Amino acid sequence: MKLSSFYPVIGTTELARSRDFYTRWFGFDITFEADWYISLRRTADDRSVEVALLDYTHETIPADFRKPTQGLILNFEVEDVDALWEEMVVQGGLKAELEIRSEEFGQRHFIVADPSGVLIDVITEIPPTGEFTEQFSAEYTAERFGEQ
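According to numbering that gives the first Met the number 0, the stretch in the sequence shown is residues 0 to 147, in order.
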């Protein structure tokens with residue numbers, strides 16, 4: 000099987016607010032917009048990522064599954080999490096669901112929520128410490144952090 004695309008679709012009634020959130024804070028562009036579905040894409044350095052927003056009450060969703068998305072966390076790995084913390088939370092006024100912090104498992108991150116309640120974990124990878132160092136493959140650690 001050749002997989003040509005993969006992206007999350009967030010079931011929400013907050014289409015416009017969610018669209019504005021992803022375009023403002025993460026630089027997504029609108030590739031399709033209807034009153035029940037919005038497709039967003041962000042392209043940089045020959046790589047693209049996508050997310051879509053869907054009115055979960057729309058008839059294309061089987062009736063038993065017409066519920067808002069819950070329990071979803073989207074990870075956004077970025078070069079400078081501290082700069083985004085400043086921009087989004089300190090200056091931008093977004094509520095931090097998790098304050099910025101460094102984790103022994105190899106992340107410096109903070110969490111905010113989009114208008115639909117989907118958690119957005121904004122992450123910069125850092126070298127893991129303690130017991131977590133051994134849980135990464137040697138190849139991954141060497142690739143990411145230049146360690147052998």
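Glycine included, C-beta positions come from ideal geometry on N, C-alpha and C.
All of these numbers come straight from a predicted model, not from anything done at the bench.
Q) Taking DSSP as the reference, what is the three-state secondary structure of Tyr139? A) helix
Q: Quick one: measure Cβ to Cβ for Asp54 and Leu14, integer angstroms, because I've assumed they're closer than 8 Å.
A: That pair is a contact at about 6 Å.
Q) Taking C-beta to C-beta, are Ile29 and Arg18 nearer than 8 Å? A) yes
Q) For Val111, which residues does DSSP report across the bridge? A) In the DSSP secondary-structure assignment, Val111 is bridged to Ile119.
Q: With a 10 Å radius around its C-beta and 16 neighbouring C-beta atoms as the bar for buried, classify Thr11 as buried or exposed.
A: buried
Q.
Restricting to Cα atoms, I'd like to know which of Glu49, Glu98 and Asp79 is closest to Ile9.
A. It is Glu49 whose Cα lies nearest to the Cα of Ile9.
Q. Within 10 angstroms of its Cβ, does Gln147 collect 16 or more other Cβ (buried), or is it exposed?
A. Bear in mind that the predicted position of Gln147 carries a pLDDT of just 44, short of 50, making it too unreliable to give a figure here.
Q. Can you name, in chain order, every residue of its own chain whose Cβ lies under 6 Å from the Cβ of Phe27, other than the five neighbours on each side?
A. Tyr21, Leu39 and Arg41
Q: Take Gly105 as the anchor and find which of Ile125, Ala112, Ala141 and Pro114 has the nearest alpha-carbon.
A: Ile125
Q. When you compare only the Cα positions, how much space is there between Thr140 and Phe131?
A. 11 Å
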